[in-house]
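Quick note: the sequence shown uses the working numbering, first residue 2, plus one each step.
Don't be surprised by glycine CBs; every beta carbon is placed ideally from N, CA and C.
Here is the structure we will look at.
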Amino acid sequence: MEQLEKKIIFSGIQPSGCITLGNYLGAIKNWVALQDDYRCLYSVVDMHAITVRQDPKQLRQRCLEFLCLLLACGLDPDKNLLFFQSHVPTHAELAWVLNCFTYMGELGRMTQFKDKSAKHADNINVGLFTYPALMAADILLYQADLVPVGGDQKQHVELTRDIAVRFNSLFGETFKVPEPYIPKVGARIMSLAEPTKKMSKSDDNPKAYISLLDDFNVIAKKIKSAVTDSDGRVCRGEGKEGIDNLLNIYSVTSGESIASLEARFEGRGYGEFKAEVAQAVVECIRPIRRRFDDYMNDKAYIESVYKKGAETALKISQRTLDKVHKKLGYVARAK
Ligand code: ATP
Ligand code: LTN
2 MEQLEKKIIF SGIQPSGCIT LGNYLGAIKN WVALQDDYRC LYSVVDMHAI
52 TVRQDPKQLR QRCLEFLCLL LACGLDPDKN LLFFQSHVPT HAELAWVLNC
102 FTYMGELGRM TQFKDKSAKH ADNINVGLFT YPALMAADIL LYQADLVPVG
152 GDQKQHVELT RDIAVRFNSL FGETFKVPEP YIPKVGARIM SLAEPTKKMS
202 KSDDNPKAYI SLLDDFNVIA KKIKSAVTDS DGRVCRGEGK EGIDNLLNIY
252 SVTSGESIAS LEARFEGRGY GEFKAEVAQA VVECIRPIRR RFDDYMNDKA
302 YIESVYKKGA ETALKISQRT LDKVHKKLGY VARAK
């Protein structure tokens, strides 16, 4: 039987902070669900990470932890290409070109730039500003059809589309114009401390997020101290963002519907509810943790995964970069 060409998926995760339950439920879990039906590439985007100051030793350790966590969450390296962004030089090369086709005004409107420059007012560097051009390069190099991300990244994918359309209309069909792919459930796991804000791995308050690497008793404590309300009923409703978030977390980690949870907890207090949420979260994370420890102890295997990932990614992306260089009018390299 003729095999239909699989669509291409690209996404990236920044090795900043530690992977949270939000990253897992909002992004990685969906990536795992896509691996049989699409050709998927996922990169630990270490080049993006240095747009804010990083401690070199910590960054190196975190990059390895992130890769091991992606594997532990269920991404199969035989089905997905997994690599470190800095190992594939075409990303930096195409980013330069795209910088020349992106306007200052467009970059100045990016919410992430505004947020991060407010947070790091002492280090508003040029890389932080041009970050979306590098992200566009990541995506366009692989002619990706879909980019699975949480809602916060939609604006960057839209800018990527604008840049691709601009380049194509100047030089003829060069890039596939990608679509964002945003999950309906679990797309936004909220902060435990301020449930109107998204759970973020670089939050200064560690009580705001659950890390996949937190001790299990720490997870239980964080959920116990999660901000709720004084109403006392386990259900959704106005001003009940904290309970809403916990219901959402419980539902995605256990598979039980929110309606069924609401019915089961009628007349019971927040204490009992939170204890069960904690239990469900721990049971969801426990197998991931066991596999994570095994991968972290198998350096040779991990190296083979990221070596093969980078080699294949380079081969695919070089084709796009060569096409771009030719269209721009660069003299072809002598063979
Ligand atoms: P940072 O706080 O350092 O900006 P982050 O927690 O937002 O990091 P990213 O590396 O920017 O994480 O994102 C990785 C993926 O996880 C992206 O697809 C992003 O949309 C998704 N994601 C991040 N936070 C959440 C959340 N709270 N709920 C659902 N998805 C999320
Ligand atoms: N900007 C993204 C990370 C990222 C990305 C990408 C996501 C970098 N390059 C390419 C999708 C596709 C973030 O902050 N989550």
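The residue among D139, C64, S118, V45 with its C-alpha nearest the C-alpha of L129 is S118. Going by C-alpha positions, K185 is about 47 angstroms away from R334. Put simply, the stretch 251–261 does not touch the stretch 200–220. Fewer than three CB pairs are less than 8 angstroms apart. Assignment of I190 by DSSP, reduced to helix, strand and coil, places it in the coil class.
In the structure shown, R287 adopts helical secondary structure according to DSSP, grouped into three states.
C41: member of the beta strand (DSSP E) spanning 40–45, first to last residue. In terms of side-chain proximity, the C-beta atom of D139 is found nearer than 7 angstroms to a non-hydrogen atom of ligand 2.
DSSP places Y210 outside both helix and strand once states are collapsed to three, so it counts as coil. Under the three-state reduction of DSSP, E180 is assigned to strand. Under the three-state reduction of DSSP, N81 is assigned to strand. Under the DSSP assignment, I164 falls in the alpha helix (DSSP H) whose first and last residues are 155–172.
With a cut-off of 7 angstroms, the C-beta of F11 is classified as near ligand 2, since at least one heavy atom of the ligand falls inside that distance. Our two residues, M136 and T161, have alpha carbons roughly 8 angstroms apart in a direct line.
Going by beta carbons, K199 and D153 fall inside the 8 angstroms limit. A straight-line Cα-Cα distance of about 5 angstroms links L82 and G310.
A buried status is given to Y143, since no fewer than 16 other beta-carbon atoms sit within 10 Å of its beta-carbon. The alpha helix (DSSP H) runs of length 4 or more contained entirely in the stretch 81–152 are, from start to end of the chain, 91–100, 105–109, 112–120, 127–141. Spanning the alpha carbons of A134 and K155 requires a straight line of approximately 14 angstroms. If you compare the alpha carbons of L76, R292, E174, E195 with that of K223, the shortest gap goes to E195. A distance of 8 angstroms or more separates the beta carbons of F114 and I164. Looking only at A264, C74, A281, Y331, the smallest Cα-Cα distance to R292 is reached by C74.
Inclusion of P16 and D47 in the CB contact set at 8 angstroms is warranted, their separation being smaller than that value.
Going by DSSP, F11 is part of the beta strand (DSSP E) stretching over 9–14. For D232, there is no enclosing alpha helix (DSSP H), as DSSP marks it with neither H nor E.
For K223, the shortest C-beta to heavy atom distance toward ligand 1 is 7 angstroms or greater. In the DSSP assignment, G243 falls within the alpha helix (DSSP H) that extends over 242–255.
For G23, the CB falls within less than 7 angstroms of some heavy atom of ligand 1.
Comparing alpha carbon positions, the residue from R63, L71, N246, L147 closest to Y25 is L71. When the alpha-carbon of C236 is set against those of R54, L35, Y271, the nearest one is in Y271. If you ignore the 5 residues before and after I140, its C-beta comes within less than 8 angstroms of the C-beta of F11, V148, V158, T161, P179, all in its own chain and listed in chain order.
In this structure, the beta-carbon distance from A264 to G243 does not fall below 8 angstroms.
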